[in-house]
Structures are given as structure tokens and as C-alpha cells.
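Taking it in order: structure first as C-alpha cells, then the write-up.
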Amino acid sequence: MFIDSHAHLADAVFDSDRDAVVRAAQDAGAAAVVCIGASEDAAARARILAGANPGLIYFTAGVHPHDAAAYDAAKDTLWIREAVAAGAVAIGECGLDFHYDHAPRDRQRAAFHDQIVLAHELVRPVVVHTRDAEDDTLDAVREAGDRGVTGVLHCFTGTVRLASAALDAGWYVSFSGIVTFSKWSGDDVVRTVPDDRLLAETDAPYLAPVPLRGRRNEPRFLPHTIARIADIRGTTPERIAELTTANARRLFGLASDPGAKV
Ligand SMILES: [Zn+2]
Ligand SMILES: [Zn+2]
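Under the numbering used here, the sequence shown has 212 at position 204, and the numbering climbs by one with no breaks.
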């Protein structure tokens, strides 16, 4: 059994076979999938999917840094609040992406800050996307930790320094199929994360792990990434699956019985 802590199953690329993708994930051993709602639209679709698959699919709600130019504090915090009231297990994904810079950096910072404040108020973890924004992310994570807000740095490709700061703040670190790519050079970061803070994710439909690279990614492919993480940490895939499952349940407050109604 495993938990995919980050998948975009609300994405339009799954419109033609979303139910089959969910069934295939379950057949492959998925105990749960956290479906990311990184826009009002996506969160609404993720919520419907979660409603149709209680105890298996969970959803989040937030504004992605790529969309921060259009961020509207009043409007966006309202629908995120409503989503949380309807069962969203986390706020996000939110964060900072200074690699693509699809939105001005001050807008990204403002949207990120507001979502951390909201996470504090609503007592939910934050799912954080960070790329080439190390110092700003470090400051934000420290500030969040000081407020008692927990979260996860998802699809982590940053430094040991940033991961360590997040761990010190009580946060989790999640690795994706990128760890299976030949250009990956972050084994030391994978080893830095203690057993009780490690998560695994697909970030589907993106970043399919080797040997499926280039295909549309799905939660059922997560065992390839889990096997690679196990290899890096010198343990078994079963052990990594077990501890990442327990960690995802703890962070997101998921039901402990996979079949349980929530
Ligand atoms: Zn992301
Ligand atoms: Zn994502």
C-alpha cells in the first residue's frame, strides 16, 4: 500500500478516463491519493472526485504561484475557506516559482503569505511548491513554523539547507519521479529527511518516473519512485511505502482505515 501525496487528477488530461485512473491506482496498491486543487476550478473538480471516492481520494484548495498575478485576496480566500469547510485537507499548492516567473514575484509572495495566514486560521497544512526561490521560501517556512503552521515542500529539488530549515520548522519533504531521472543529483537531500517526515508523490500528470518517463504520469506509477527512494536510503520499498503512508495520514489528517467514510 502507498499514498500518492500529490496528484493533479482534476487536470483535463484525465477527463476521458479519470475513473479508470483511480481504479488502476487502487489496483496498484494506492491506499489514498491527495488530489491537488491549485485553482478554484481544479479544487471544485477535485472536491467532486473526493466526494465520489471517500477514504481514497482527498482534495486540497489553493492558488498556484504560476497564477499569482490574478490573485485576489478577498475572492480567493473566500473560495479556499469554503473548500476547507467542505473537507479540503490542505491549502495549496501555493508557494514561489522564480524559475518560470509566470507571475510577478511580489504577487507570488503576497498570495503565498495570505495562504499561510489562512492555513493558520483554518488549522490546515500547506502544500508548497518552490523552485529557484530558496531564500524567500526559507523565510516563509520559518515564519509559518513560528505560527505553528505545518506543511510539505512538494516535488522537492532544493538544497539540504532548505530541507533542513523546513524540517526544523516541523515540516515534511516530498519527492517525485525526478529522483529516478539520470540528471538527479540530490541523493544527500533524500537521506537528510528523517523517516517520520518523508513523503512520496507523482505530481501526475507530470514527471512520470523512469522507466515510464515521457508518458502521462498516474498515481499507479508511484512504486517506481518509492523503489528509488528506498535504494537511496538503503532500505526496502515496503518500508518506504509504509512510512510515507503513515506520514501522509498524519500530515493531512486522513482516516486511518482506507475504506473508512470521512
Ligand atoms: Zn508544484
Ligand atoms: Zn503540483
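Where is the CB? At the ideal position from N, CA and C, for every residue including glycine.
If you compare the alpha carbons of Leu206, Asn225, Phe189 with that of Pro213, the shortest gap goes to Asn225. Measuring C-alpha to C-alpha distances from Ala76 to each of Asp19, His137, Cys43, His128 identifies His137 as the nearest. Short of 8 Å from the beta carbon of His74, and not among the five residues preceding or following it, lie these beta carbons of its own chain, in chain order: Asp105, Tyr108, His110, Ala111.
For Asp114, the number of other beta carbons within 10 angstroms of its own is below 16, and it is reported as exposed.
Straight-line spacing of the CA atoms in Glu90 and Val181 works out to 27 Å. Where Phe120 is concerned, the enclosing alpha helix (DSSP H) starts and stops at 113-130.
The continuous beta strand (DSSP E) containing Val135 extends over residues 134-139.
For secondary structure counted as the beta strand (DSSP E) over 3 or more consecutive residues, the region 176-254 holds these complete runs in sequence order: 180-183, 206-208. Out of Gln116, Ala39, Asp25, Ala20, the CA that lies nearest to the CA of Ser264 is found in Ala39. Between Asp211 and the set Asp204, Arg221, Pro202, the nearest pair of CA atoms involves Arg221. When secondary structure is reduced to three states using DSSP, Ala39 falls in the strand class. Secondary structure at His14: strand, using DSSP grouped into helix, strand and coil. Around the beta carbon of Glu129, a 10 Å sphere encloses fewer than 16 other beta carbons of the protein chains shown; the residue is thus reported as exposed. If you ignore the 5 residues before and after Ala249, its C-beta comes within less than 6 Å of the C-beta of Phe10, Ile234, all in its own chain and listed in chain order. Distances between the C-beta of Glu101 and the heavy atoms of ligand 1 include at least one below 6 Å.
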